[in-house]
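Student: Have a look at this one before I ask anything.
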Amino acid sequence: MKLKVLFAVLLVLMPGCLEEETDASIIYDFDFDPMFNGTYSSVTLNLFQGENLQNATGTYSITIMLNHGAAPVHADNMLKHIVAGNYNMSTFHRVIDDFMIQGGDFENHDGSGGYAADWYGLCGGQSSPNQSDCQQTTWTIPDEADNGLKHFPCVISMAKTSQINTGGSQFFLIPDDIEHHHWLDGVHTVFGQITEGCEHVTTISQVLTGENSDRPVSPVVLYSATVN
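Just so we're aligned: the sequence shown equals residues 0 to 227 in numbering that gives the first Met the number 0.
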């Protein structure tokens, strides 16, 4: 079954740059085959902290309900990454207490890599009619940040650059000891809710990180991700 998605993306002013307002908008009109045709699906992320699973100082399981109704492309993209095994043995490379834990860079494991699991009509954030003109490593997904979902505790949201439509594979989880990261609303796309194990997100958010760094001193590894 083909699912048609229409995205109207507003022009965004970069900080320190003044431009005249415009009525122009970019419409992304593309077809894709969704992996799941319902409203919600459930996935589980299994993590450990340490150099390997056998000698881990902690193991954690986090279950997330993906919202295909509010963020169909983001939810589909994550499902396809999981089924492909892309997240297995990736790291949570960025951890900030009282903020979030970020992972999903299955290419470089440092926040500099990761791309969309399927072709969603965007190449490096730009609309592209021809998939053949775009290298897979530059596939990105369209923002769905105006879906009404907010950055409250225990949600999953999409990491991206400061430019629109640049999400690929990286995501972040918000712990349960915050109130509301309102400045992220409408910018980053919330696409699911943690239903089990949010306390583990909070525990991981408090791990020791390197001096002048957000990287955990002891690695936090996503060793397997499964669709329930």
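Ideal Cβ placement from N, Cα and C applies to all residues, glycine included. This structure is a prediction, so every number in the text was calculated from the model and none was measured.
Evaluate residue 99 with the Cβ neighbour count: other Cβ atoms within 10 Å of its Cβ, from every protein chain shown; 16 or more gives buried, anything less gives exposed.
Tutor: The residue you call residue 99 lines up with position 100 of the sequence shown. By the 10 Å Cβ count, residue 99 comes out buried.
Student: Buried or exposed for residue 124, going by 16 or more other Cβ atoms inside 10 Å?
Tutor: Along the sequence shown, read from residue 1 onward, the residue named residue 124 stands at position 125. The residue in question, residue 124, is buried, as its Cβ has 16 or more Cβ neighbours within 10 Å.
Student: Tell me the rounded alpha-carbon separation between residue 218 and residue 177.
Tutor: Here residue 218 corresponds to residue number 219 of the sequence shown, with the count starting at 1. Here residue 177 corresponds to residue number 178 of the sequence shown, with the count starting at 1. Between residue 218 and residue 177, the C-alpha separation is close to 23 Å.
Student: For residue 172, name the three-state secondary structure that DSSP assigns.
Tutor: One-based indexing of the sequence shown puts residue 172 at position 173. Here residue 172 sits in strand by DSSP.
Student: Can you give the beta carbon distance from residue 186 to residue 224, rounded, assuming they're within the 8 Å contact cut?
Tutor: As a first step, residue 186 must be located in the sequence shown, where it is residue number 187. As a first step, residue 224 must be located in the sequence shown, where it is residue number 225. Not a contact, Cβ separation roughly 25 Å.
Student: Should residue 54 go down as buried or exposed, given a rule of 16 or more other Cβ atoms within 10 Å for buried?
Tutor: Locating residue 54 in the sequence shown gives position 55, where the first residue counts as 1. By the neighbour-count rule (16 or more Cβ atoms within 10 Å), residue 54 is not buried but exposed.
Student: Fully enclosed by the stretch 113-196, which beta strand (DSSP E) runs are 3 residues long or longer?
Tutor: The stretch 113-196 contains these whole beta strand (DSSP E) runs: 154-157, 170-172 and 189-195.
Student: Name the DSSP beta bridge partners of residue 78, please?
Tutor: Position 79 of the sequence shown, counting from 1, holds the residue named residue 78. Beta-bridge pairing links residue 78 to no other residue.
Student: Nearest CA to the CA of residue 221: which residue from 127, 138 and 170?
Tutor: If you number the sequence shown from 1, residue 221 lands on position 222. If we check each option's Cα against that of residue 221, 170 comes out closest.
Student: In this structure, how does DSSP classify residue 204 when only helix, strand and coil are distinguished?
Tutor: Position 205 of the sequence shown holds residue 204. In this structure, residue 204 counts as helix in the three-state DSSP scheme.
Student: Would you mind sorting residue 135 into buried or exposed? The rule is 16 or more other CB atoms within 10 Å of its CB.
Tutor: Here residue 135 is taken as the residue at index 136 of the sequence shown, counted from 1. Residue 135 is exposed by the Cβ-count criterion.
Student: In the DSSP assignment, the beta strand (DSSP E) including residue 222 goes from what residue to what residue?
Tutor: Within the sequence shown, residue 222 is the residue found at index 223, counting from 1. Residues 219-226.
Student: Give a yes or no on whether the C-beta atoms belonging to residue 189 and residue 161 are separated by under 8 Å.
Tutor: Locating residue 189 in the sequence shown gives position 190, counting from the first residue. Locating residue 161 in the sequence shown gives position 162, counting from the first residue. Cβ distance not < 8 Å, so residue 189 and residue 161 don't count as in contact.
Student: Considering just the uninterrupted stretch of the beta strand (DSSP E) at residue 64, what are its terminal residues?
Tutor: Walking along the sequence shown from the start, residue 64 turns up at place 65. Where residue 64 is concerned, the enclosing beta strand (DSSP E) stretches over 57-66.
Student: I need the straight-line Cα distance from residue 59 to residue 198, nearest angstrom please.
Tutor: Residue numbering aside, residue 59 sits at position 60 when the sequence shown is read from its first letter. Residue numbering aside, residue 198 sits at position 199 when the sequence shown is read from its first letter. Each residue's alpha carbon lies about 10 Å from the other.
Student: Residue 91 and residue 203 look like a contact to me (Cβ under 8 Å); what is the Cβ gap, rounded to whole Å?
Tutor: Along the sequence shown, one-based indexing puts residue 91 at 92. Along the sequence shown, one-based indexing puts residue 203 at 204. Residue 91 to residue 203, Cβ: 7 Å. Contact.
Student: Taking the alpha-carbon positions, what's the residue 25 to residue 46 distance?
Tutor: Taking the sequence shown and counting its residues from 1, one reaches residue 25 at position 26. Taking the sequence shown and counting its residues from 1, one reaches residue 46 at position 47. Because the pLDDT of residue 25 is 40, which lies under 50, any placement of that residue in the model is unreliable, and the number read from its coordinates should be weighed accordingly. Rounded to the nearest angstrom, the two C-alpha atoms are 39 Å apart.
Student: Ignore the nearest five residues each way along the sequence and tell me which others in residue 201's own chain have a CB closer than 6 Å to its CB.
Tutor: To locate residue 201, count along the sequence shown from 1; it is residue 202. Closer than 6 Å at Cβ, skipping near neighbours: 174, 175 and 176.
Student: Starting from residue 43, trace the beta strand (DSSP E) in both directions and tell me its first and last residue.
Tutor: For the purposes of this step, residue 43 is taken as the residue at position 44 of the sequence shown. First-last of the beta strand (DSSP E) with residue 43: 39-48.
Student: In this structure, how does DSSP classify residue 23 when only helix, strand and coil are distinguished?
Tutor: In the sequence shown, counting from the first residue as 1, residue 23 sits at position 24. Low per-residue confidence applies at residue 23: pLDDT is 31, beneath 50, and the placement is therefore not dependable, though the value from the model is reported in the following sentence. It is coil, neither helix nor strand.
Student: Tell me the residue span of the beta strand (DSSP E) that contains residue 53.
Tutor: Here the question's residue 53 lines up with position 54 in the sequence shown. From DSSP, residue 53 is part of no beta strand (DSSP E); its letter is neither H nor E.
Student: Would you mind stating whether residue 63 and residue 194 have Cβ atoms separated by less than 8 Å?
Tutor: Within the sequence shown, numbered from 1, the residue matching residue 63 stands at position 64. Within the sequence shown, numbered from 1, the residue matching residue 194 stands at position 195. Yes, the pair counts as a contact, with Cβ atoms nearer than the cut-off.
Student: When DSSP labels each residue in this structure, what does residue 94 get in the three-state scheme?
Tutor: Position 95 of the sequence shown holds residue 94. Looking at residue 94 - three-state DSSP - the assignment turns out to be strand.
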